[in-house]
Amino acid sequence: MFKIRDVTIDPPLVLAPVAGHTDSLFRQAVKGLGGCGLVVSELVSTEGLTRRHDRTHHLTRFVEAERPVSMQIFGSDSGRMAESAAMVEAMGADIVDINAGCPVKKVVRQGGGSSLLRDLPLLEKIIKEVRKAVRIPLTLKIRSGWDRSSINAVEVLKVAEDCGVECLAIHGRTRSELFSGRADWEIIAKVKREARIPVIGNGDVFSPGDASRMFRETGVDGVMIGRGALGNPWLIRQCWDHLSARPVAVISLKQKADFMKKFLERVGREAPAPAALGKMKKIGGYLSRGLPQGAGLRARMHGARSIEEFFGAVEAYLADSIPAE
Ligand SMILES: Cc1cc2nc3c(=O)[nH]c(=O)nc-3n(C[C@H](O)[C@H](O)[C@H](O)COP(=O)(O)O)c2cc1C
Numbered sequence: 003m004f005k006i007r008d009v010t011i012d013p014p015l016v017l018a019p020v021a022g023h024t025d026s027l028f029r030q031a032v033k034g035l036g037g038c039g040l041v042v043s044e045l046v047s048t049e050g051l052t053r054r055h056d057r058t059h060h061l062t063r064f065v066e067a068e069r070p071v072s073m074q075i076f077g078s079d080s081g082r083m084a085e086s087a088a089m090v091e092a093m094g095a096d097i098v099d100i101n102a103g104c105p106v107k108k109v110v111r112q113g114g115g116s117s118l119l120r121d122l123p124l125l126e127k128i129i130k131e132v133r134k135a136v137r138i139p140l141t142l143k144i145r146s147g148w149d150r151s152s153i154n155a156v157e158v159l160k161v162a163e164d165c166g167v168e169c170l171a172i173h174g175r176t177r178s179e180l181f182s183g184r185a186d187w188e189i190i191a192k193v194k195r196e197a198r199i200p201v202i203g204n205g206d207v208f209s210p211g212d213a214s215r216m217f218r219e220t221g222v223d224g225v226m227i228g229r230g231a232l233g234n235p236w237l238i239r240q241c242w243d244h245l246s247a248r249p250v251a252v253i254s255l256k257q258k259a260d261f262m263k264k265f266l267e268r269v270g271r272e273a274p275a276p277a278a279l280g281k282m283k284k285i286g287g288y289l290s291r292g293l294p295q296g297a298g299l300r301a302r303m304h305g306a307r308s309i310e311e312f313f314g315a316v317e318a319y320l321a322d323s324i325p326a327e
């Protein structure tokens, strides 16, 4: 357990923001499986939010069962960042998080995301204005630096602390590395050693053993898990079992397949209609990893031209390939 001011993060395991995946439905599902102390929204454009674009506003939806919930905003215009932070506070978010880690070209080209790591005066201006605009706790998510020759996470930490950031999450890769190689946990440990605020470590936790090792090797207050939870939504729960010295929950194929079916049905019902089928294909792709004949299922899901056809493929697969318990 740790605290971000008056917000208790218990267990100290965080579902990472993953654009296109960790929407309210997925966050609710992960929370429901247990072990997750904090969820973070997908990155929300402050241009879209302040211009009142429907699609952007949709990203800010959450339900009470997700609390505590952190809303992540991105952009490079300090005025719009501050206005957006006030908006998510008014919507009831428990925490507002500034994205200074996104490596995607479209975001970086406009000066947001990880581009802020190479423009500390702008980062400082944004943090100060956002700080003034909200009362709720303010957090920052970063990468280790822009590239290997400019790793500056400790310097960023100091700027953040001086400007009122109350917790820092760090993914141990530079912007240039994107997702290649292995995350550098040394830099996470270094940031933690230098920090006066809680630090959340992130990068390459794919098993309960990885989570324990990250706590042990870096001393972080919390561990954040992204990609590992997409294909295995039980991962955070399993990490918590392991950290609490309980037997790690074993998930049967039937449980996994049932979860996939129920979750996809919910996405089909609740996601905005034009996007639902595409979203189901993407999520189905992740959730079917590790299932027997999963590649065949993925091909059939992918080829579906309607939601009915999609579920026809899932039903046929469940009947043929998953033994009843
Ligand atoms: C498809 C994808 C989308 C992501 N979207 C976001 C995002 O919206 N905001 C953010 O801060 N990080 C985002 N990330 C980065 C993750 O939050 C996390 O930092 C990264 O995946 C490393 O953690 P992991 O090894 O546990 O996946 C994204 C990562 C992926 C793969």
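The opening residue of the sequence shown carries number 3 in my numbering; numbering runs sequentially from there.
Cβ atoms here follow ideal geometry from the backbone N, Cα and C, with glycine treated the same way.
- Item | Three-way DSSP call (helix, strand, coil) for A247 in this model | coil
- L45 CB to nearest heavy atom of ligand 1 below 8 Å: yes
- Message: Let me check you understand the geometry: is the CB of D25 closer than 8 Å to at least one non-hydrogen atom of ligand 3?
- Response: Ligand 3 is absent from the structure shown, which contains only ligand 1.
- Hey, quick one: how far does the alpha helix (DSSP H) through R218 stretch, first residue to last? 210-220
- Message: Looking at ligand 1, does it come within less than 8 Å of K108, judged from the CB to the closest heavy atom?
- Response: no
- Query: If you drop the 5 nearest sequence neighbours on each side, which residues of the same chain put their C-beta closer than 6 Å to that of F265?
  - Reply: A31
- Query: At least one CB of chain D closer than 9 Å to the CB of G228: is that the case?
  - Reply: Chain labels in this structure do not include chain D; a single protein chain is all it has.
- Pull up the distance between the alpha-carbon of I189 and that of A92, whole angstroms please. 35 Å
- Is there at least one non-hydrogen atom of ligand 1 closer than 8 Å to the beta-carbon of A18? yes
- Message: What ranges does the alpha helix (DSSP H) occupy inside the region 29-79, keeping only unbroken runs of at least 4 residues that lie completely in it?
- Response: 48-52, 56-60
- Item | Cut-off 7 Å between Cβ atoms - residues of its own chain near V222, not counting five sequence neighbours on either side | I190, K194, V201, I202, G203, M216
- In the DSSP assignment, find the unbroken beta strand (DSSP E) run with D99 in it and report its ends. 97-102
- Message: With three or more beta-carbon pairs closer than 8 Å as the criterion, would you say the region 28-48 touches the region 67-75?
- Response: yes
- Counting Cβ pairs closer than 8 Å, one from the region 129-146 and one from the region 100-117, do we hit at least three? yes
- Query: Among the residues of its own chain, which have a CB less than 7 Å from the CB of S116, if the five just before and after it don't count?
  - Reply: A102, G103, C104, P105, V110, R145, W148, R177
- Do you know offhand how far K107's Cα is from A297's? 31 Å
- Message: Would you say the beta carbon of F181 is closer than 8 Å to some non-hydrogen atom of ligand 1?
- Response: yes
- Item | C-beta contact flag for P210 and Q240 at 9 Å | yes
- Message: One question on the structure: do R300 and G287 come within less than 9 Å of each other, judged by their Cβ atoms?
- Response: yes
- Task: Given a cut-off of 9 Å, decide if V41 and V16 are closer than it, judged by their beta-carbon atoms.
- Result: yes
- Excluding five sequence neighbours on each side, which residues of the same chain lie with their C-beta closer than 7 Å to the C-beta of I324? L255, K256, A259
- Item | C-beta contact flag for G22 and F76 at 9 Å | no
- Exposure label - Q295; buried when at least 16 CB within 10 Å: exposed
- Grab me the residues of G174's own chain with a C-beta within less than 6 Å of its C-beta, minus the 5 sequence neighbours each way, in chain order. S146, A185, D186, W187, I189, I190, G205
- Message: Assuming contact is defined by CB atoms lying nearer than 9 Å, are A213 and I199 in contact in what I supplied?
- Response: no
- Apply the 10 Å Cβ neighbour rule to G94 and answer buried if 16 or more other Cβ atoms are within range, or exposed otherwise. exposed
- Buried versus exposed call for K134 [16 or more other C-beta atoms within 10 Å across all chains shown]: exposed
- Item | Secondary structure of F4, DSSP reduced to three states | strand
- Message: Which residues does DSSP list as the beta-bridge partners of L180?
- Response: Its beta-bridge partners do not exist; DSSP assigns none.
- Message: Going by DSSP in three states, A277 sits in which element: helix, strand or coil?
- Response: helix
- Item | Sequence-distant residues of its chain with Cβ nearer than 6 Å to L180 (five each side left out) | P105
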